[in-house]
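Accompanying notes for the structure given below.
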Amino acid sequence: MNSPFFQTVLPADNLTMRQQVFDGAVFLKPADASSKSLVARVIGLMQEHLGLEDIRSAHLHLSAEEMFSRIGALRRIVYLDAEFHQRVRDVVAECGLDPARVAFDPIRLRVVQPGGHRNPLAAPVYYPHRDTWYAHSQSMIVWWVPLHDLQPEETFVFYPDQLAQPVANDSEIFDYSDWIKDGPALKIGWQKRDSGVTAKYPGSLEKTMPAHAEGFSCRAGEHLIFSGAHYHKTLPHDLERTRYSLDFRVVHLDDVAAGRGAPNADNRSRGSTLPDYVQP
């Protein structure tokens, strides 16, 4: 049972929902037709590309290099293909947003392997951070959808008391124009591997983590909806199964026009991702 911090029912009025997200609310909405269809489609593609029925055991059957190569091909599909752009619109529409007023950063396929926290190449995945430190708008809302049922140790934690409180960080090192000049493939996964990338990942410089953390379990296809300004951290795990999830970022253009968004406690990143979002 998750704590009351995670709300399961969206307000009927979508503007109210968005404002609550900017104020710190996190919604964990049950799966619906659009998210179930999205999850089934991606799992089918993964089984095809990985050559395995049980994709959660892929790390036991494929070398790290082969896994990275095959997952890279899948990332390009779910990020670039028009089918998956429409699926984003379907998901947000079923949750009350008007797709004609929403710009979005397309779907990213995330992979967290058991013991991955000990791989230096994967270190940025585990940095405590706010997504806004990567030049995203304060009006950005994150949509996160798991492909499988997950236990709390397989997900991540929020530090809700830090939403409007500054934490020591080096977000000033992130310049979006530097990031995209290193190549469009990096925008798909925001991960690097032997690529000569010079752009850097910002992260927390705090010596200790806040005492109040909120973790969660979830079911396949549920919608985790939260502000990109929330301070959060992926948890390391050694369970013998790989975690797969999807996420995308949305900005309602009315919020940008009205100056609505989460508080900016400490974001010093440069540039803006918003012009590169898929526009309505």
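Here the sequence shown stands for residues 25 to 304, numbered as in the working numbering. Backbone N, C-alpha and C define an ideal beta-carbon position, used for all residues, glycine too.
Same chain, Cβ closer than 7 Å to Phe180, five either side skipped, listed in chain order: Excluding residues up to 5 positions away in sequence, His256, Lys257, Thr258 and Leu259 lie with their Cβ nearer than 7 Å to the Cβ of Phe180 in the same chain.
Less than 6 Å between C-beta atoms, sequence neighbours within five positions excluded: which residues of the same chain meet that for Ala192? The beta carbon of Ala192 sits closer than 6 Å to those of Leu229 and Glu230, all from its chain and outside the five residues before and after it, given in chain order.
Straight-line CA distance for Ala290 to Gln189? For the record, residue 290 in the displayed sequence is Asp; it is not Ala. Rounded to the nearest angstrom, the gap between the Cα atoms of Asp290 and Gln189 is 8 Å.
Beta-carbon proximity check, Thr197 vs Pro226, cutoff 8 Å: This sequence places Ile at residue 197; Thr is not what is there. Yes; because the gap between Cβ atoms is below 8 Å, this pair is in contact.
If I measure Cβ to Cβ from Ala97 and keep anything under 8 Å in the same chain, skipping five residues before and after, which residues do I get? Its chain contains His73 as the residues whose beta carbon lies nearer than 8 Å to that of Ala97, once the 5 sequence neighbours on both sides are disregarded; these appear in chain order.
Can you tell me whether Arg292 is buried or exposed, with buried defined as 16 or more other CB within 10 angstroms of its CB? The residue in question, Arg292, is exposed, as its Cβ has fewer than 16 Cβ neighbours within 10 Å.
Exposed or buried, which one is Glu107 when buried takes at least 16 other CB atoms within 10 Å? With fewer than 16 Cβ atoms within 10 Å of its Cβ, Glu107 is classed as exposed.
Using 10 angstroms around the beta-carbon of Lys224, count the other beta-carbons present and answer buried if the total reaches 16, otherwise exposed. A residue is called buried when at least 16 other Cβ atoms come within 10 angstroms of its Cβ; Lys224 does not meet this threshold and is exposed.
Simplified DSSP assignment, three categories, for Val191: In the structure shown, Val191 adopts coil according to DSSP, grouped into three states.
By the 10 Å Cβ neighbour count, where 16 or more other Cβ atoms means buried, how is His236 classified, buried or exposed? Exposed is the label assigned to His236, since fewer than 16 other Cβ atoms lie within 10 Å of its Cβ.
Closest to Gly285 by C-alpha separation, out of Lys205, His160 and Gly245, would be which residue? Minimum Cα distance to Gly285 is reached at His160.
Count the CB pairs spanning the region 171–185 and the region 237–247 that are closer than 8 Å, and state whether there are at least three. Short answer: they touch.
Using a Cβ-Cβ distance under 8 Å, would Val280 count as near chain C? The structure shown has no chain C; it contains just one protein chain.
Taking Cβ to Cβ, would you say Leu76 is nearer than 8 Å to Val102? Against a cut-off of 8 Å, the Cβ pair of Val102 and Leu76 comes out as no contact.
Whose C-alpha, out of Asn143, Lys205, Gln44 and Val166, is nearest the C-alpha of Arg154? Of Asn143, Lys205, Gln44 and Val166, the residue nearest in Cα terms is Val166.
Which two residues bound the contiguous alpha helix (DSSP H) that contains Arg99? Counting along the chain, the alpha helix (DSSP H) containing Arg99 begins and ends at Ala88 to Leu104.
Would the region 43–58 and the region 105–125 be scored as touching if the rule is three or more Cβ pairs under 8 Å? Touching, yes.
Just to confirm, are His247 and Lys53 a CB contact at a threshold of 8 Å? Yes, these two residues count as a Cβ contact at 8 Å.
Is Ala289 helix, strand or coil when you go by DSSP? Looking at Ala289 - three-state DSSP - the assignment turns out to be coil, as it is neither helix nor strand.
Is it buried or exposed, Gln186, if we count other Cβ atoms within 10 angstroms and call 16 or more buried? Gln186 comes out buried.
Where does His261 land, buried or exposed, given buried means 16+ other C-beta within 10 angstroms? When all chains shown are included, His261 counts as buried.
Taking Met164 as the reference, give the member of Asn288, Arg273 and Gln31 with the closest Cα. Distance check between Met164 and each of Asn288, Arg273 and Gln31 places Arg273 closest, using alpha-carbon atoms only.
Would you check if there are 3 or more beta carbon pairs closer than 8 Å linking the region 263–278 to the region 133–145? Between the region 263–278 and the region 133–145, the count of Cβ pairs shorter than 8 Å is three or higher; the stretches touch.
Thr32 burial status per 10 Å Cβ neighbour count (16 or more: buried): Note on Thr32: under 16 other CB atoms within 10 angstroms of its CB, so exposed under the neighbour-count rule.
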